[in-house]
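Asker:
There are 2 protein chains.
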Amino acid sequence: MASEDHVDVLIVGAGPAGMMMSAWMARCGIKTRIVDKRGTKIFNGQADGLQSRTLEIFDSFGFADRAWLESNHMLEICFWNPDANGNIARSGRIPDSIPGISRFQQVVLNQGRIERFFLDMIAKESSIHVERGVLPTSLQFDESKAEDISPDSYPITVTLRHLTEEEATPKQTATAANGVSVSDGLFRSNLAPDDTADMIRAAELNAKANTVETVHAKYMLGADGAHSWVRRELGFTLEGEQTDYVWGVLDIVPITDFPDIRMRCAIHSADSGSVMVIPRENKLVRLYIQLSTTEKNADGSSTGRVDRSKINPEMILKAANKIMAPYKLTYRRMDWWTAYQIGQRVGSNFSAKQRIFLAGDAVHTHSPKAGQGMNVSMQDTFNLGWKIASVLKGTADRSILKTYDVERGNVAHDLIKFDHKFSRLFSGRPAKDLMDEEGISLDEFKEAFAKGNMFASGIAVNYGASHIVAKAPEADDRDANGINGVNKVTVQSRQELATGVKIGMRMPSFKVLNQSDARPWHFQQLLPSNGSWRVVLFAGDLTLPGRRADFDAVSAELAKPTSFLKRFTPSTGRYDSVIDVLTVHYGHRQEHTVLDFPEVLRPFDEVDGWDYNKIFVDEESYHEGNGEAYKNYGIDPTQGATVILRPDQYVSYVGPVADYASLDRFFSGFMIEQK
Amino acid sequence: MASEDHVDVLIVGAGPAGMMMSAWMARCGIKTRIVDKRGTKIFNGQADGLQSRTLEIFDSFGFADRAWLESNHMLEICFWNPDANGNIARSGRIPDSIPGISRFQQVVLNQGRIERFFLDMIAKESSIHVERGVLPTSLQFDESKAEDISPDSYPITVTLRHLTEEEATPKQTATAANGVSVSDGLFRSNLAPDDTADMIRAAELNAKANTVETVHAKYMLGADGAHSWVRRELGFTLEGEQTDYVWGVLDIVPITDFPDIRMRCAIHSADSGSVMVIPRENKLVRLYIQLSTTEKNADGSSTGRVDRSKINPEMILKAANKIMAPYKLTYRRMDWWTAYQIGQRVGSNFSAKQRIFLAGDAVHTHSPKAGQGMNVSMQDTFNLGWKIASVLKGTADRSILKTYDVERGNVAHDLIKFDHKFSRLFSGRPAKDLMDEEGISLDEFKEAFAKGNMFASGIAVNYGASHIVAKAPEADDRDANGINGVNKVTVQSRQELATGVKIGMRMPSFKVLNQSDARPWHFQQLLPSNGSWRVVLFAGDLTLPGRRADFDAVSAELAKPTSFLKRFTPSTGRYDSVIDVLTVHYGHRQEHTVLDFPEVLRPFDEVDGWDYNKIFVDEESYHEGNGEAYKNYGIDPTQGATVILRPDQYVSYVGPVADYASLDRFFSGFMIEQK
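Respectively, the protein sequence lines represent chains A and B. Quick note on full-length UniProt numbering: the first sequence kicks off at 1 and runs consecutively. Quick note on full-length UniProt numbering: the second sequence kicks off at 1 and runs consecutively.
Given below as structure tokens:
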């Protein structure tokens with residue numbers, strides 16, 4: 001009994017990478033199915049750290065506030081090292097997130113809650129729902145149709161089998177990074193009330209059990225983890241290495257006399273290995289504990305897998321106590337535990353012909369201690385989702401899809417490099433003294449940690465030059481039409497006009513005031529993830545004649561029926577559905593009213609009236625201080641600047657306000673004219 | 001077919017006052033029923049303004065973030081008056097909320113959403129649910145049992161009748177302040193997704209229809225509106241006056257060339273009356289429009305009710321256009337409308353023997369323009385709920401209940417006075433020139449408005465002296481055992497030790513850092529509404545020998561089995577279930593660890609370990625500036641202070657850190673020793 005279905009996008013895997021992809025599809029109204037072989041969502045354990053950049057992204061989908069509220073906030077890292085007697089002692093402290101780089105700091109919350117936020121958002125904004133207990137069993141990809149964008153072309157065919165409850169349940173444990181679920185009977189369940197429906201649904205799989213269905217898709221995402229079925233079907237591999245270092249992980253409510261148990265701590269003992277302390281929500285603390293005796297394989301090889309049957313919570317706790325001596329650690333409540341062997345591996349390919357994409361653990365695996373895995377995975381599909389959506393909607397051409405492979409490939413390689421260095425530093429033995437060259441000195445460690453924080457925040461990501469990132473190619477970019485097949489830059493940016501708005505990086509956020517009601521907004525709050533590009537007119541001080549003239553001139557160009565704004569927006573779409581124009585002027589709000597601004601910048605709708613949410617001003621607020629946006633963005637109010645932002649908030653272009661032609665040329669480089 | 005039920009508290013009316021009472025009961029685990037004669041909750045229109053203080057209270061119940069996110073924030077008030085040509089022109093601006101008085105500013109959101117937040121919180125934290133379409137039909141109160149606190153004494157007996165769907169539905173319109181529901185077919189419904197279940201349930205009333213039930217209650221709340229059935233049954237009255245002024249209210253999405261339509265505006269025309277503009281959520285704007293021709297009753301009397309059949313949206317809009325000329329106003333979408341006649345009335349009694357209480361519109365009605373009604377109503381029961389809960393739980397004696405009548409009675413009288421002045425100023429004619437003594441001058445109006453803002457914020461409430469507010473009785477307090485029957489002050493405060501912590505007023509909020517994890521918290525976030533009193537030890541700079549000695553001495557007293565902390569806490573209760581002790585010291589967090597503090601201040605739990613959420617420090621944070629709590633609270637770090645806070649965050653007492661005896665005497669004045 002095989003049924004058939006046609007979808008625009010098929011997502012395999014409902015972990016964080018698959019969820020982020022679904023969030024984009026929900027926002028952009030793309031016909032999508034998402035399947036996962038596990039019978040339920042996960043409820044605790046797993047990944048836990050949320051970077052500053054990830055929270056900014058969550059905010060663009062409307063649920064950063066939930067994560068911020070429920071999570072534990074990590075403020076400080078404490079370093080503990082052996083003192084003269086060989087006991088551990090606090091040797092230094094640094095802030096956990098670098099002050100000033102984002103309005104969000106790193107927080108910790110279990111992956112189950114993060115998946116919950118996605119599920120709620122997706123359910124609220126679309127009819128997409130995760131189909132659990134569904135296993136893909138065959139994949140056919142007709143490569144000859146890869147560039148065929150006709151509406152009835154479906155190059156991908158996948159067979160899906162609905163599992164029985166029994167089949168779906170063990171898979172969950174198997175994908176749990178080798179962890180063993182802790183019985184809820186013995187320990188407190190931290191299942192949140194809004195997860196109960198999922199638990200109930202898990203027992204209802206059998207209705208569809210063993211049915212098979214054929215799905216035809218235009219695009220497909222393999223977000224199905226380190227053992228990715230999609231990757232294997234495509235014949236792609238993960239390349240890299242394993243190490244001997246084995247670590248245990250305990251999520252417990254600790255009972256201890258260690259005074260910094262609610263701080264993030266990097267603890268190095270003299271001879272017994274290291275512990276990383278990650279304080280979490282609901283009184284939980286995660287401990288990453290180096291297990292000093294690593295069992296070898298039967299043949300004695302050191303690079304193979306460790307015998308995990310020897311690892312259990314008791315032996316991990318014992319190792320922790322040895323490292324943390326003279327402090328004592330025990331617990332009455334455990335939430336989750338696992339163990340892993342450090343390794344760094346990266347995928348050979350990120351897509352097959354830009355039709356079938358891989359993301360998350362399917363293309364990069366590494367050690368969990370830097371809290372990167374879930375974040376980078378979600379950021380993979382945050383990069384990809386809007387691109388696929390705009391190609392499917394016919395507003396952009398397929399050339400933009402190649403930037404996914406290059407942009408995220410570079411991030412994955414940087415991640416692997418970072419983790420390689422970071423995990424070795426962490427697993428190494430501390431130096432006994434200045435002459436101990438094999439040991440790792442405290443200074444070396446602290447310096448690497450502080451530097452790593454910038455990388456770990458996710459804010460440092462800097463995408464290379466392409467037709468959607470108008471910057472000068474750097475020395476290490478490969479060439480031409482050229483650079484891994486990515487189209488070349490079409491316009492010349494002038495970075496010096498907005499020195500704080502780095503082309504290729506995400507738009508920083510400072511507060512500006514709405515011209516019409518004086519309300520302060522963080523600039524990023526004006527950039528929700530809805531698939532729209534943004535042109536931001538930093539008009540400067542409009543009481544200066546030159547500024548007013550440039551501003552009026554570019555507004556007049558934008559208002560013409562031939563402008564890029566009109567040419568690329570479908571007649572059925574709202575005025576801001578493809579390109580949203582925002583104005584931020586500088587000076588005194590009270591000297592202007594919103595109606596003084598050109599109509600094209602605050603368009604009229606016959607039901608809603610004028611749009612009061614497009615014109616902003618950089619000035620002091622009544623209650624929330626002065627965002628000093630122009631100063632922070634490095635824009636001279638006597639000069640102004642125009643900025644183009646991608647739908648994912650990354651900066652595409654910086655140029656003069658008067659230069660309408662460059663804007664038009666930029667968008668003409670990849671957008672499709674509408675009838 | 002009559003069934004019987006016994007409850008601790010019966011609440012009649014599920015509007016904001018009834019909801020706030022239910023929230024307390026849910027938090028404190030009190031057996032409660034809440035009934036409302038309407039068949040559904042309300043979904044739009046009605047009251048809309050949320051004061052700073054109300055948002056602080058919402059935060060103590062965990063949902064201020066939802067209100068803050070969904071609401072429109074009002075930042076500025078613009079004054080518009082006739083210019084030399086008789087056209088209206090902007091004549092001034094002031095901030096809408098006074099900067100610095102609260103971390104929340106006034107926002108606007110329809111009453112239906114606010115009731116939703118309560119419903120969600122109550123459902124999450126208890127089994128209390130609102131029973132709709134239920135009408136009380138008889139009330140018996142055995143006054144002889146009023147002071148009987150034995151567990152099986154139920155002085156109140158009420159008969160409840162479950163209405164049919166037909167009976168319940170018209171009641172909704174009848175209670176809608178004389179407004180007429182706008183058909184959802186013609187206009188956009190702004191029903192939020194999480195309200196749909198209520199709509200469905202509304203059609204399911206008939207199962208219980210026409211059944212009758214007898215409920216025996218220990219306490220009862222009449223929160224059943226201006227036409228309160230409970231008030232009438234008790235024979236209590238509302239006293240006050242009506243005026244001739246009739247106002248219309250439109251909730252519309254405006255289409256207009258008036259430039260300040262997204263600001264709160266007070267518009268006075270030369271001869272056509274006044275308009276108040278209240279910008280709202282979802283592009284809505286509420287307009288309060290003075291209707292210049294007020295119909296008289298048939299007998300020509302001017303104080304009677306107006307003939308409402310003559311009032312409709314078209315004539316209200318016409319009046320608005322006349323007042324706002326030369327600007328034009330129209331709309332395509334209307335959400336709600338109503339009309340009202342201004343009057344101020346206050347209840348003769350706030351309770352019957354402190355067993356049956358009245359709150360909200362049942363004891364005070366006035367004009368809606370200052371956005372006070374819903375706020376003061378919720379604050380009535382915010383004052384009452386914890387008192388009833390602690391009496392029911394046997395931790396406090398009944399004497400504290402009398403403070404409700406006095407504290408909220410005074411607030412109601414202040415409100416009536418404020419509204420009387422405010423509404424007359426607003427309905428009056430603007431002065432033509434300096435010689436026009438009958439008209440209201442712009443300066444007079446602006447000054448009254450600015451002063452009114454402090455009152456309107458809800459922050460200015462200052463409860464009088466009693467055994468739970470240890471301050472010197474003021475001149476206008478009546479005397480002795482004495483003051484309206486309220487017990488007198490038992491201890492002497494020393495206000496000068498904390499000049500910013502005003503006894504009788506709510507505790508202001510500034511940021512402090514958690515000693516154990518460096519996280520900044522607004523102090524009010526440490527004061528959730530859970531029924532606990534708080535003793536806050538502002539220990540001062542503990543590196544000073546005197547400070548350390550006082551701190552250690554009082555900690556030693558607290559730790560004794562005979563301390564008030566132990567005597568008044570049931571053996572089955574957590575250590576902080578009746579009195580929660582918080583420490584805020586001054587100085588450098590990094591010079592201390594949480595384990596340096598006396599155990600009684602960070603108690604041990606055999607499952608959860610040490611309590612890491614009791615010790616805080618006033619110091620600069622990494623990311624959120626310096627709260628400067630000691631400076632803002634007016635506490636000298638070389639001296640310190642101890643503060644007692646009521647469960648509703650109002651300040652009971654300020655004294656020296658070393659004075660343990662006063663703390664003990666204070667609590668002994670009304671708390672009940674536990675076995």
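Cβ atoms here follow ideal geometry from the backbone N, Cα and C, with glycine treated the same way.
If you follow the beta strand (DSSP E) that Tyr219 (chain B) is in, where does it begin and where does it stop?
Answerer: As a working mapping, residue 219 (chain B) is identified with position 219 in the second sequence. Segment Val212 to Gly222, the beta strand (DSSP E) holding Tyr219 (chain B).
Asker: With a cut-off of 8 Å on the beta carbons, I'd call Arg103 (chain B) and His364 (chain B) a contact; round off their distance for me.
Answerer: Within the second sequence, residue 103 (chain B) is the residue found at index 103, counting from 1. Within the second sequence, residue 364 (chain B) is the residue found at index 364, counting from 1. Contact between Arg103 (chain B) and His364 (chain B) does not hold, since the beta-carbon distance rounds to 28 Å and is not under 8 Å.
Asker: Apply the 10 Å Cβ neighbour rule to Val657 (chain A) and answer buried if 16 or more other Cβ atoms are within range, or exposed otherwise.
Answerer: Locating residue 657 (chain A) in the first sequence gives position 657, counting from the first residue. With 16 or more other Cβ atoms within 10 Å, it is buried.
Asker: Using 10 angstroms around the beta-carbon of Arg574 (chain B), count the other beta-carbons present and answer buried if the total reaches 16, otherwise exposed.
Answerer: Numbered from 1 along the second sequence, position 574 holds the residue referred to as residue 574 (chain B). Exposed, since its Cβ has fewer than 16 Cβ neighbours within 10 Å.
Asker: Residues of chain B with CB under 7 Å from Ile255 (chain A), in chain order?
Answerer: For the purposes of this step, residue 255 (chain A) is taken as the residue at position 255 of the first sequence. By Cβ distance, chain B contributes Gly609.
Asker: Quick check on Val230 (chain B): does DSSP put it in helix, strand or coil?
Answerer: For the purposes of this step, residue 230 (chain B) is taken as the residue at position 230 of the second sequence. Note: Val230 (chain B) maps to helix in three-state DSSP.
Asker: If we require 3 or more residues per run, which beta strand (DSSP E) segments fall completely within the segment 563 to 651 of chain A?
Answerer: The beta strand (DSSP E) runs of length 3 or more contained entirely in the segment 563 to 651 of chain A are, from start to end of the chain, 579 to 586, 615 to 618 and 641 to 645.
Asker: Can you check DSSP and say which residues form a bridge with Pro265 (chain B)?
Answerer: By 1-based counting over the second sequence, the position of residue 265 (chain B) is 265. This sequence places Cys at residue 265 (chain B); Pro is not what is there. BP columns for Cys265 (chain B) point to B:Cys78 and B:Val277.
Asker: Does Leu595 (chain B) have its Cβ less than 9 Å from a Cβ in chain A?
Answerer: Taking the second sequence and counting its residues from 1, the one referred to as residue 595 (chain B) is at position 595. For Leu595 (chain B), the answer is yes, since a Cβ of chain A falls inside 9 Å of its Cβ.
Asker: So with CB distances below 7 Å, who are the chain A contacts of Tyr612 (chain B)?
Answerer: Translated into positions along the second sequence, residue 612 (chain B) becomes position 612. Residues of chain A passing the Cβ test: Arg262.
Asker: Find the nearest neighbour of Gly504 (chain A) within the set A:Asp433, A:Gln106, A:Ile156 and A:His467, judged by alpha-carbon distance.
Answerer: By 1-based counting over the first sequence, the position of residue 504 (chain A) is 504. Minimum Cα distance to Gly504 (chain A) is reached at A:His467.
Asker: Just confirm the distance between the C-beta atoms of Leu119 (chain A) and Asp48 (chain A), as a whole number of angstroms; I'd bet it's less than 8 Å.
Answerer: Start at 1 with the first residue of the first sequence, and residue 119 (chain A) comes out as number 119. Start at 1 with the first residue of the first sequence, and residue 48 (chain A) comes out as number 48. Not quite, the Cβ-Cβ distance comes to about 18 Å (not below 8 Å), so this is no contact.
Asker: Determine the DSSP secondary structure at Leu69 (chain A), reduced to helix, strand or coil.
Answerer: One-based indexing of the first sequence puts residue 69 (chain A) at position 69. In the three-state scheme derived from DSSP, where H, G and I count as helix and E and B as strand, Leu69 (chain A) is classed as helix.
Asker: Going by CA-CA distance only, name the one from A:Gly86, A:Lys31 and A:Glu314 that's closest to Tyr219 (chain A).
Answerer: Here residue 219 (chain A) is taken as the residue at index 219 of the first sequence, counted from 1. The shortest Cα separation from Tyr219 (chain A) among A:Gly86, A:Lys31 and A:Glu314 belongs to A:Lys31.
Asker: Closer than 9 Å, CB to CB, is Asp5 (chain A) near chain B or not?
Answerer: Here residue 5 (chain A) refers to the residue found at position 5 when the first sequence is read from its first residue. It does not: the Cβ of Asp5 (chain A) has no partner Cβ on chain B nearer than 9 Å.
Asker: Please go through the segment 304 to 384 of chain B and give each complete beta strand (DSSP E) segment of 3 or more residues, from N-terminal end onward.
Answerer: Annotation note: the segment 304 to 384 of chain B contains the following uninterrupted beta strand (DSSP E) runs of length 3 or greater, listed N- to C-terminal: 329 to 347 and 356 to 358.
Asker: Report the CB separation of Ser153 (chain A) from Ile101 (chain A) in whole angstroms; it is logged as a contact under 8 Å.
Answerer: Against the first sequence, residue 153 (chain A) aligns to sequence position 153. Against the first sequence, residue 101 (chain A) aligns to sequence position 101. Between Ile101 (chain A) and Ser153 (chain A) the Cβ distance is about 44 Å, and since that is not below 8 Å, they are no contact.
Asker: Assuming Leu537 (chain A) and Thr642 (chain A) are in contact, meaning their beta carbons sit under 8 Å apart, how far apart are those beta carbons, in whole angstroms?
Answerer: Counted from its first residue, the first sequence places residue 537 (chain A) at position 537. Counted from its first residue, the first sequence places residue 642 (chain A) at position 642. About 6 Å separates the two Cβ atoms, so the contact holds.
Asker: What residues in the segment 34 to 67 of chain B bring their beta carbon closer than 8 Å to a beta carbon of chain A?
Answerer: Asp65
Asker: If you measure between the beta carbons of Thr157 (chain B) and Phe141 (chain B), is that distance less than 9 Å?
Answerer: As a first step, residue 157 (chain B) is located in the second sequence; it is residue number 157 there, counting from the start. As a first step, residue 141 (chain B) is located in the second sequence; it is residue number 141 there, counting from the start. Going by C-beta atoms, Thr157 (chain B) is nearer than 9 Å to Phe141 (chain B).
Asker: For Pro155 (chain B) versus Met378 (chain B), is the C-beta spacing smaller than 9 Å?
Answerer: Position 155 of the second sequence, counting from 1, holds the residue named residue 155 (chain B). Position 378 of the second sequence, counting from 1, holds the residue named residue 378 (chain B). No; because the gap between Cβ atoms is not below 9 Å, this pair is not in contact.
Asker: What span of residues does the alpha helix (DSSP H) with Gln674 (chain A) cover, start to end?
Answerer: Residue mapping note: residue 674 (chain A) aligns to position 674 of the first sequence, counting from 1. Neither: Gln674 (chain A) is in no alpha helix (DSSP H) and is coded neither H nor E.
Asker: Do Phe597 (chain B) and Gln674 (chain B) come within 9 Å of each other at the CB atom, strictly closer than that value?
Answerer: Position 674 of the second sequence holds residue 674 (chain B). Position 597 of the second sequence holds residue 597 (chain B). Not closer than 9 Å, so no.
Asker: Among B:Val584, B:Leu392, B:Gly343 and B:Thr54, which residue has its Cα nearest to the Cα of Glu619 (chain B)?
Answerer: As a position in the second sequence, residue 619 (chain B) is number 619, starting the count at 1. Ranking the options by Cα distance to Glu619 (chain B), first place goes to B:Val584.
Asker: Where does Asn92 (chain A) fall in DSSP's three states?
Answerer: As a working mapping, residue 92 (chain A) is identified with position 92 in the first sequence. Residue identity differs from the one stated: residue 92 (chain A) is Gly in this sequence, not Asn. Note: Gly92 (chain A) maps to strand in three-state DSSP.
Asker: Does any CB atom of chain B fall closer than 9 Å to the CB of Asn321 (chain A)?
Answerer: Position 321 of the first sequence, counting from 1, holds the residue named residue 321 (chain A). Output row for Asn321 (chain A): interface = no.
Asker: With a threshold of 8 Å, are at least 3 pairs of Cβ atoms found where one atom belongs to the segment 632 to 639 of chain B and the other to the segment 449 to 463 of chain B?
Answerer: no
Asker: In the DSSP assignment, find the beta strand (DSSP E) that holds Ile255 (chain A) and state where it starts and stops.
Answerer: To locate residue 255 (chain A), count along the first sequence from 1; it is residue 255. Counting along the chain, the beta strand (DSSP E) containing Ile255 (chain A) begins and ends at Leu238 to Thr256.
Asker: May I ask you to list, following chain order, the residues of the segment 516 to 549 of chain A that have a beta carbon less than 9 Å from some beta carbon of chain B?
Answerer: Ser516, Asp517, Ala518, Arg519 and Pro520
Asker: Kindly indicate the opening and closing residues of the beta strand (DSSP E) around Ile34 (chain A).
Answerer: Here residue 34 (chain A) is taken as the residue at index 34 of the first sequence, counted from 1. Where Ile34 (chain A) is concerned, the enclosing beta strand (DSSP E) stretches over Thr32 to Asp36.
Asker: Can you grab the Cα-Cα spacing for the pair Leu392 (chain B) / Ala217 (chain B), in whole Å?
Answerer: Translated into positions along the second sequence, residue 392 (chain B) becomes position 392. Translated into positions along the second sequence, residue 217 (chain B) becomes position 217. About 12 Å.
Asker: Shortest alpha-carbon distance to Met671 (chain A) belongs to which of A:Leu401, A:Glu115 and A:Ala359?
Answerer: Locating residue 671 (chain A) in the first sequence gives position 671, counting from the first residue. If you compare the alpha carbons of A:Leu401, A:Glu115 and A:Ala359 with that of Met671 (chain A), the shortest gap goes to A:Leu401.
Asker: Does Arg534 (chain A) come out as helix, strand or coil in the three-state DSSP assignment?
Answerer: Locating residue 534 (chain A) in the first sequence gives position 534, counting from the first residue. It is a strand residue.
Asker: Give the C-beta separation of Lys134 (chain B) and Asp36 (chain B) to the nearest angstrom, bearing in mind that I take them to be a contact with Cβ-Cβ under 8 Å.
Answerer: Along the second sequence, one-based indexing puts residue 134 (chain B) at 134. Along the second sequence, one-based indexing puts residue 36 (chain B) at 36. Just to set this straight, residue 134 (chain B) is Val in the shown sequence, not Lys. Between Asp36 (chain B) and Val134 (chain B) the Cβ distance is about 7 Å, and since that is below 8 Å, they are a contact.
Asker: Flag this pair as yes or no: are the beta carbons of Tyr404 (chain A) and Glu557 (chain A) separated by less than 9 Å?
Answerer: The sequence position of residue 404 (chain A) within the first sequence is 404, counting from 1. The sequence position of residue 557 (chain A) within the first sequence is 557, counting from 1. No, these two residues do not count as a Cβ contact at 9 Å.
Asker: Quick check on DSSP: helix, strand or coil for residue 681 (chain A)?
Answerer: Residue coverage of chain A in this structure runs from 1 to 675, which leaves residue 681 (chain A) outside it and unanswerable.
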